[in-house]
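Undergrad: These protein sequence lines are chains G and X, in that order.
Residue 1480 is where the first sequence starts when you use the numbering used here, and the numbers rise one by one after that.
Residue 9 is where the second sequence starts when you use the numbering used here, and the numbers rise one by one after that.
There's a structure below that I have some questions on.
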Amino acid sequence: MAEVTLEGLTKIYSGSHEAAAKDVSFRVEDGDFMVLLGPSGCGKSTILRMIAGLESITSGILRIDGKAMNHVPAKDRDIAMVFQSYALYPHMKVRDNLAFGLKRRGFAREEIKRKVNQVAEILGLTPFLNRKPHALSGGQRQRVALGRAIVRDPKVFLFDEPLSNLDAALRVSTRNELVSLHHRLGATMIYVTHDQVEAMTMGTRICIINLGRVVQIGPPMEVYRKPINTFVASFLGSPPMNLLKTRLEKAREGQRFLQLGTKSISLPERWFPSTMEIPREVIFGIRPEDIFLPGSAPSYAIPTEVEMEVTAVETLGAETVLILKPDDLEQKVTARVGRDVRTHRGERIKLIFDLSSAQLFNPDTTEVIVER
Amino acid sequence: MSVAQRLKQVAFLILLSFYTAFVAGPLFWVTTMSLRTTTEIAHNPYALPETFHFEKFYKAWVNSNYNVYFTNSVIIVLSAVVILTLIGGMAGHCFARYRFRFRRFLYFMIFSTIIFPPQITIIALFQILVEYGLYNSRIGLILVYVAFQLPVTVYLLESFFARIPSDLYDAARMDGYSEWSIFFKVSLPVALPALSTTVILNTILLWNEFLYAVVLIVDEAKRTLPLGIQQFMGDHLEDVGMIASGLMIAIVPVVIIYVFFSEKLIQGMTAGAVK
Chain G
1480 MAEVTLEGLT
1490 KIYSGSHEAA
1500 AKDVSFRVED
1510 GDFMVLLGPS
1520 GCGKSTILRM
1530 IAGLESITSG
1540 ILRIDGKAMN
1550 HVPAKDRDIA
1560 MVFQSYALYP
1570 HMKVRDNLAF
1580 GLKRRGFARE
1590 EIKRKVNQVA
1600 EILGLTPFLN
1610 RKPHALSGGQ
1620 RQRVALGRAI
1630 VRDPKVFLFD
1640 EPLSNLDAAL
1650 RVSTRNELVS
1660 LHHRLGATMI
1670 YVTHDQVEAM
1680 TMGTRICIIN
1690 LGRVVQIGPP
1700 MEVYRKPINT
1710 FVASFLGSPP
1720 MNLLKTRLEK
1730 AREGQRFLQL
1740 GTKSISLPER
1750 WFPSTMEIPR
1760 EVIFGIRPED
1770 IFLPGSAPSY
1780 AIPTEVEMEV
1790 TAVETLGAET
1800 VLILKPDDLE
1810 QKVTARVGRD
1820 VRTHRGERIK
1830 LIFDLSSAQL
1840 FNPDTTEVIV
1850 ER
Chain X
9 MSVAQRLKQV
19 AFLILLSFYT
29 AFVAGPLFWV
39 TTMSLRTTTE
49 IAHNPYALPE
59 TFHFEKFYKA
69 WVNSNYNVYF
79 TNSVIIVLSA
89 VVILTLIGGM
99 AGHCFARYRF
109 RFRRFLYFMI
119 FSTIIFPPQI
129 TIIALFQILV
139 EYGLYNSRIG
149 LILVYVAFQL
159 PVTVYLLESF
169 FARIPSDLYD
179 AARMDGYSEW
189 SIFFKVSLPV
199 ALPALSTTVI
209 LNTILLWNEF
219 LYAVVLIVDE
229 AKRTLPLGIQ
239 QFMGDHLEDV
249 GMIASGLMIA
259 IVPVVIIYVF
269 FSEKLIQGMT
279 AGAVK
C-alpha cells in the first residue's frame, strides 16, 4: 500500500490554451479512500489519468511513496485502474481477463491460477470464469473489472466513475461492496465521481474539484458542514443549500442583523467580530434540513422565526420538501420537513431557521466569511 | 397472409431465382464444361456431363503448366496478403490510435491514390520496376500488389480500429503491456472481423488480377493463373474444354478461402467485439 502525493500538477493539452488541471496539490495517505468529486468536465478524470500514467504531466511532481513518478510508464507504477466502461478484453474469457495483467509480470502458471481463483471466489465470479464478457450482465462485468485490479495486488487502486453505468439498485449494493473491500484490503484508493452521494458515503476524504482546480479537501462531514465557498455549498447536499441574497446591517449597540426581504434576522454572536464594512450585501446560506416547522427544531438550534408563503409542496413519502417565498425577496427557499406536515400552496406559514449551521458568503469572491 | 402479401412474396422469389440463375448459372456451366471434352461441348454446349473427365484436370496441371501457374499465384498472392494484413493492420492501428505530426497529411496521401485506376499507373510502374531490376520478377509483382491494395486495406482497418474503445488500450497499458504487445494481443484479435474482410477482399482481387501481371511478368515460369488461362485463348485454337478446366483450378481455392474466412468473419461479429 502506498502514499500518493501531488505537488502542483498541471495538465495543458497541446493545442489548448486552457489548462485541464491547474496546480493540483494534495496527499493521499496510505490506506485512505480519497474521492475526487466535481461536475462533468472539471478535470477530475484528467488528474486520475495523470496519476495512472495514461496522460503526461505538463508541470508539477507526482510522487508515490516519495518517489517521483512523472516519467515512469503506466505499466511500471504498480497501479491498477477500474474504468467506467469496464474495458474488458472481449475476445478473452473472464479467467483470461483476470490473468492478463499477471502474465506480463512473470508469475508462474500455478501461481496465476491460484490468484485468479482466489479473487473470483471473493467477488462471486467462480461460475463465470469460462464465459466471455458479452455473456455477462453489467454488474458481473463490473466485478470482473474490479477483480482484474484486485488480482494484481497493486500499491494504489484508481476508480474512474465505475458505478455510472449501473442501474440505481445495483449502484447502491456495489457501493457498499466497494467500501467493504476497502476495509478488507486496507488499500489506498482514489475514486473519481460526479455523484455527491457516492462521495459522502464512500470517502474517508473528499477533494472537490472545479474548473481544473482543487476547491476544498476534507472529511465528508467537514466539507459538508463547513463549505469553503458557494460552489461547494451548493454541490453537496440534496436539495442544495439555500443561497439567499441579503443585506448585512448594523443596529445600535454593535448588533448585526441580516435583512432577508422584509424580515430582519439578528445574527448570532459568532459573526460579530467580522471586520467587514457594514452595510453590505452578503449571501446567507442555510441548508433545507436546517429549516424546521415550529416545535420541531432541535435543542442545539439558534432559532429565528420567518414567515413565508408556500409556493409548492413535494411529498416524497419519507419527508416533504417545501418551496417557499419570503416577503419581498425574489428567491425561493427550500425546506425539508417531516412527512406529516399539512399545508398547501398559497398558505403562509412560520418556519424556524436554525442559525447554528448557517453560513455567510462574500458575494464578490463567493468565499465563506469565517467567524472568529 | 393476405393475397397481396402472397403475391409480393412470389414476385420476390421469382426475382431472386432469376438473379441466382444469372450469377450462379455461368459458374455451374463452367463446372460442367470442365468435366467434358471439347468435342462433347461443341456437340451440345449446355448438356450435363455424361462421363466425368477428371483426367482433364491432370492434363491441365501437368501438360499445360498449370502446376507452375498455380504455385506462382499462391506464392505471390499469399505473400502479398500477409504483408498487406500486417502493414495495413499496423498502419490502421497507428492512424486510429495515435496523434502525430503530419498524420492527416499522410492519411490523405495514402487514401488519395485509390482514385488512380491501374491503367494510369501501369506505364510509370513499368519504368520504375525496370529501373530497380524488378521487372519480370515475382517480388516485383508482390510489391506492386501490396502498394496498390494498401490504401483500401488501411482505410478499412483504420475505421474499424477507431471504433475500438480507447479504454481497452488504457487497460492493457495498466496491465503492463508495451505498445507492440497491445497491437498483437488486443488490437488484432478484437479486429478479427475487419481483418477477415480485408483478407478475403485482397485474396480475391489479387488472385484474379490480370493487368499488372500481364504487363510485368514475361517469363513462362513466373506466370500467374489468370495469365495461364489466357494462354488457352488465341495461342492455340480455343480449347474451350481446357479453358473450363483451367478456370476450375483457379476458382476452387478462392471459394475455399472465402468460405473459411467468411465464417471467421461472422464468428468475430457475434463475439460482441464492441460492447
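For glycine and all other residues, C-beta sits at the position ideal for the given N, C-alpha and C.
Being a predicted model, the structure only gives us computed values, none of them experimental.
DSSP three-state call for Asp1646/G: helix, strand or coil?
TA: In this structure, Asp1646/G counts as coil in the three-state DSSP scheme.
Undergrad: I need the DSSP call for Ser1743/G, collapsed to helix, strand or coil.
TA: Ser1743/G falls in the strand class under three-state DSSP.
Undergrad: One question on the structure: do Tyr1703/G and Arg1620/G come within less than 8 Å of each other, judged by their Cβ atoms?
TA: Contact: no.
Undergrad: Give a yes or no on whether 8 Å exceeds the smallest Cβ distance from Ala281/X to chain G.
TA: Confidence at Ala281/X is low in this model, with a pLDDT of 43, below 50, so its placement is unreliable and no value can be given for it.
Undergrad: Tell me, please, whether the CB atom of Gly1626/G is closer than 8 Å to any CB atom in chain X?
TA: No, no contact with chain X.
Undergrad: So which of Phe169/X, Tyr185/X, Gly97/X has the shortest CA-CA distance to Gly1585/G?
TA: Considering only alpha carbons, the answer is Tyr185/X.
Undergrad: Rounded to the nearest angstrom, what separates Thr129/X and Gly1522/G at their Cα positions?
TA: Whole-angstrom Cα-Cα distance: 52 Å.
Undergrad: Does any heavy atom of the ligand GDP sit closer than 7 Å to the C-beta of His1662/G?
TA: With respect to the ligand GDP, the structure offers nothing, as it holds no ligand at all.
Undergrad: Mind checking Val263/X: buried by the 16 CB within 10 Å criterion, or exposed?
TA: Val263/X comes out exposed.
Undergrad: Answer with yes or no whether the minimum CB distance from Arg181/X to chain G is below 8 Å.
TA: It does: the Cβ of Arg181/X has a partner Cβ on chain G nearer than 8 Å.
Undergrad: Give the range of the alpha helix (DSSP H) segment to which Arg1684/G is assigned.
TA: No alpha helix (DSSP H) holds Arg1684/G; the beta strand (DSSP E) holding it covers 1684-1689.
Undergrad: Of the residues Ala1712/G, Pro1719/G, Ser1743/G, which one's Cα is nearest the Cα of Arg1726/G?
TA: Ranking Ala1712/G, Pro1719/G, Ser1743/G by Cα distance to Arg1726/G puts Ser1743/G first.
Undergrad: Under the DSSP definition of a beta bridge, which residues are partnered with Pro1462/G?
TA: Residue 1462/G lies beyond the stretch modelled for chain G, which goes from 1480 to 1851, so this question has no answer here.
Undergrad: Rounded to whole angstroms, how far is the Cβ of Thr1537/G from the Cβ of Ile1591/G, which I believe are closer than 8 Å?
TA: That belief does not hold up - the Cβ atoms of Thr1537/G and Ile1591/G are roughly 38 Å apart, past 8 Å.
Undergrad: Quick one, which residues of the segment 1563-1577 of chain G are near chain X if we go by CB-CB under 7 Å, in chain order?
TA: So the list reads Ser1564, Ala1566, Tyr1568, Pro1569, His1570, given in the order they occur along the chain.
Undergrad: Going by Cα to Cα distance, which pick from Glu1497/G, Gly1517/G, Pro1612/G, Ala1481/G is closest to Ile1685/G?
TA: The shortest Cα separation from Ile1685/G among Glu1497/G, Gly1517/G, Pro1612/G, Ala1481/G belongs to Gly1517/G.
Undergrad: Residues bridged to Pro1805/G by DSSP?
TA: DSSP, once it has assigned bridges, lists Met1787/G as partnering Pro1805/G.
Undergrad: For the segment 1529-1545 of chain G, which residues have a beta carbon sitting closer than 7 Å to at least one beta carbon of chain X?
TA: Those would be Ala1531, Leu1533, in chain order.
Undergrad: Along the chain, where does the alpha helix (DSSP H) containing Asp1502/G start, and where does it finish?
TA: No alpha helix (DSSP H) contains Asp1502/G, which is instead part of the beta strand (DSSP E) from 1500-1507.
Undergrad: Assuming Val1623/G contacts Asn1689/G (C-beta within less than 8 Å), just tell me the rounded distance between them.
TA: That pair is no contact at about 33 Å.
Undergrad: Compare the C-beta of Pro201/X with all C-beta atoms of chain G and state if any pair is closer than 8 Å.
TA: No, its Cβ sits nowhere closer than 8 Å to a Cβ of chain G.
Undergrad: Report the three-state DSSP secondary structure of Val1561/G (helix, strand or coil).
TA: Of the three classes helix, strand and coil, the one that applies to Val1561/G here is strand, per DSSP.
Undergrad: Return yes when the Cβ of Ala1712/G is within less than 8 Å of the Cβ of Gln1838/G, no when it is not.
TA: Yes. Within cutoff.
Undergrad: Can you pull the DSSP bridge partners for Tyr1568/G?
TA: Bridge partners of Tyr1568/G: none, in fact.
Undergrad: Can you list the residues of chain G that Gly184/X reaches, using a CB-CB cut of under 7 Å?
TA: Residues of chain G passing the Cβ test: Lys1554, Gly1580, Arg1583, Arg1584.
Undergrad: Does any CB atom of chain G fall closer than 8 Å to the CB of Leu137/X?
TA: Taking Cβ atoms only, chain G never reaches closer than 8 Å to Leu137/X, which makes this a no.
Undergrad: Any C-beta of chain G sitting closer than 8 Å to the C-beta of Val207/X?
TA: Cβ-Cβ to chain G under 8 Å: no for Val207/X.
Undergrad: In terms of DSSP beta bridges, what is Lys1490/G paired with?
TA: Note: Lys1490/G sits in a beta bridge opposite Ala1500/G.
Undergrad: According to the Cβ coordinates, are Phe65/X and Ser253/X closer than 8 Å?
TA: Yes. Within cutoff.
Undergrad: Looking at the unbroken alpha helix (DSSP H) that takes in Gln1597/G, where does it start and where does it end?
TA: First-last of the alpha helix (DSSP H) with Gln1597/G: 1588-1602.
Undergrad: Mind checking Gly280/X: buried by the 16 CB within 10 Å criterion, or exposed?
TA: With a pLDDT of only 46 at Gly280/X, under 50, the local geometry of the prediction cannot be trusted, and no value is derived from it.
Undergrad: Give a yes or no on whether the C-beta atoms belonging to Pro1699/G and Ala1666/G are separated by under 8 Å.
TA: No, the Cβ-Cβ distance between Pro1699/G and Ala1666/G is not below 8 Å.
Undergrad: Taking Arg1542/G as part of the beta strand (DSSP E), name the residues at either end of that continuous run.
TA: It spans 1538-1543 - the beta strand (DSSP E) in which Arg1542/G sits, taken as one unbroken run.
Undergrad: If you reduce the DSSP assignment to three classes, tell me which class Lys283/X lands in.
TA: Model confidence at Lys283/X stands at a pLDDT of 41, short of 50, so the residue's coordinates are unreliable; what they give is reported in the following sentence. Lys283/X falls in the coil class under three-state DSSP.
Undergrad: For a contact defined as C-beta to C-beta under 7 Å, what are the partners of Val194/X on chain G?
TA: Result: Tyr1568.
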